[in-house]
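Below: one structure, written as structure tokens.
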Amino acid sequence: MEKSITYKENLIPGGDADVQPRLTVVGAGPGDTELITIKAIKALQSAAVVLYDALVDTDLLAYAPAAEHIFVGKRKGCYAYQQEQINELIVSRARSHGHVVRLKGGDPFVFGRGAEEMEYAAKEGLSVAMVPGISSCLAVPASQHIPTTKRGASESFWVITGTTRSHKISADVALAARSSATVIILMGMSKLGEICELFREQGKGELPVAIIQNGTLPDEKIGIGSVNSIEQVVEQKQLANPAIIILGEVVNHRAGLLALTSGINQEIHA
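Below is the structure:
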């Protein structure tokens, strides 16, 4: 049963007395439509309006066939709606239609502004709830056999946005480069050169790096290299956003596992 912050006084005018204007922020997962949760599907099925982002597979909208579907995403700086407009749209549609689902890629509380939208809606008197999603920062590396932690290789991990609101590289990247942790960077492709330089300054030019574009999707692409070579790999493979950068010894697990699996497969088919 969803837990929510409820405001009893704000009912839909002329509507069912038991139906309240409400917002459910829902995580759609990393991209693969099979990686959405059952709870998320149930929220979509009860939606009157779905506001969805650019990284959401539109096939998921089939779970809300009777709902109004509104695209509010952005790509490369092109906005369908500004954030202030999205906030206002959530409130206005909830008041006129009832249940609004805000469908976001990955997990909405990981660089997804889901918390901000819930706060805005709550201040406007809406009932609010959150359905977590499988975060791309964990699922995308895992889908390519790269663990975030591994005994003997990494005891912890950082998840960092590569580009801050001021369009500068996050100061946390420099801090993370000094640690022995796995470092996972989202929205960092435009800052890849700066990221690599920070790691080289710490003597980590040979640290393994993986970049995964369109993770968990049929057109997924991956490039493997080191801090010193990854920019050339990106150019050769023409990797671009949306992509996740993983820096750390755990990247080597993939090659080791694939070698073992290849050997097993050869024995089976011999």
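Residue numbers (the numbering used here): 21 to 290. Cβ coordinates follow ideal geometry from the N, Cα and C atoms, glycine included.
Assuming contact is defined by CB atoms lying nearer than 7 Å, are residue i and residue j in contact in what I supplied?
{"i": "Ala60", "j": "Val70", "result": "no"}
{"i": "Gln233", "j": "Lys241", "result": "yes"}
{"i": "Val247", "j": "Lys224", "result": "yes"}
{"i": "Ile84", "j": "Ala67", "result": "A small fix is needed here, since residue 84 is Ala in this sequence, not Ile. Yes, the Cβ-Cβ distance between Ala84 and Ala67 is below 7 Å."}
{"i": "Pro238", "j": "Ala159", "result": "no"}
{"i": "Ile266", "j": "Pro161", "result": "yes"}
{"i": "Ala63", "j": "Gly93", "result": "no"}
{"i": "Val270", "j": "Thr202", "result": "yes"}
{"i": "Ala48", "j": "Ile56", "result": "yes"}
{"i": "Ile110", "j": "Ala141", "result": "yes"}
{"i": "Gly268", "j": "Lys257", "result": "no"}
{"i": "Arg113", "j": "Val120", "result": "yes"}
{"i": "Ala197", "j": "Phe219", "result": "yes"}
Per DSSP, what kind of secondary structure is residue i in: helix, strand or coil?
{"i": "Ile250", "result": "helix"}
{"i": "Met150", "result": "strand"}
{"i": "Gln40", "result": "coil"}
{"i": "Gln233", "result": "strand"}
{"i": "Thr281", "result": "helix"}
{"i": "Val179", "result": "strand"}
{"i": "Val111", "result": "helix"}
{"i": "Lys257", "result": "helix"}
{"i": "Val271", "result": "helix"}
{"i": "Ile244", "result": "strand"}
Going by beta carbon distance, what residues of the same chain come within less than 6 Å of residue i, once the five residues before and after it are set aside?
{"i": "Ile288", "result": "With a pLDDT of only 42 at Ile288, under the threshold of 50, the placement of this residue in the model should not be trusted, and no figure is reported."}
{"i": "Ser7", "result": "Within the shown structure, residues of the chain are numbered from 21 to 290, placing residue 7 beyond reach of any answer."}
{"i": "Asn261", "result": "Met209"}
{"i": "Glu226", "result": "Ser246"}
{"i": "Ser155", "result": "Gly126, Asp127, Val130"}
Roughly how far, in whole angstroms, is the beta-carbon of residue i from the beta-carbon of residue j, given that I think they are within contact range, below 8 Å?
{"i": "Gly118", "j": "Ser163", "result": "So it is not a contact: roughly 36 Å between Cβ atoms."}
{"i": "Arg115", "j": "Pro41", "result": "5 Å"}
{"i": "His165", "j": "Leu280", "result": "Not a contact, Cβ separation roughly 11 Å."}
{"i": "Met138", "j": "Val151", "result": "Contact flag wrong, Cβ pair sits at about 12 Å."}
Between which two residues does the beta strand (DSSP E) holding residue i run?
{"i": "Phe219", "result": "Here Phe219 belongs to no beta strand (DSSP E); instead the alpha helix (DSSP H) covers 212 to 220."}
{"i": "Lys124", "result": "119 to 124"}
{"i": "Glu88", "result": "88 to 91"}
{"i": "Ala263", "result": "263 to 267"}
{"i": "Val70", "result": "69 to 72"}
{"i": "Ile58", "result": "Run containing Ile58: none in the beta strand (DSSP E); it sits in the alpha helix (DSSP H), 58 to 65."}
{"i": "Val203", "result": "202 to 206"}
Tell me where the alpha helix (DSSP H) around residue i begins and ends.
{"i": "Val160", "result": "156 to 163"}
{"i": "Leu195", "result": "191 to 197"}
{"i": "Ala141", "result": "134 to 143"}
Is the shortest distance between the beta-carbon of residue i and the beta-carbons of chain C less than 7 Å?
{"i": "Ala100", "result": "No chain C appears in this structure, which consists of one protein chain only."}
Leaving out five residues before and five after residue i in sequence, what residues of the same chain have Cβ atoms less than 7 Å from its Cβ?
{"i": "Thr78", "result": "none"}
Within the same chain, show all residues whose beta-carbon is closer than 8 Å to that of residue i, passing over the 5 residues directly before and after it, in chain order.
{"i": "Phe177", "result": "Thr168, Thr169, Ala201, Thr202, Val203, Ile204, Gly268"}
{"i": "Ser199", "result": "Ser176, Trp178"}
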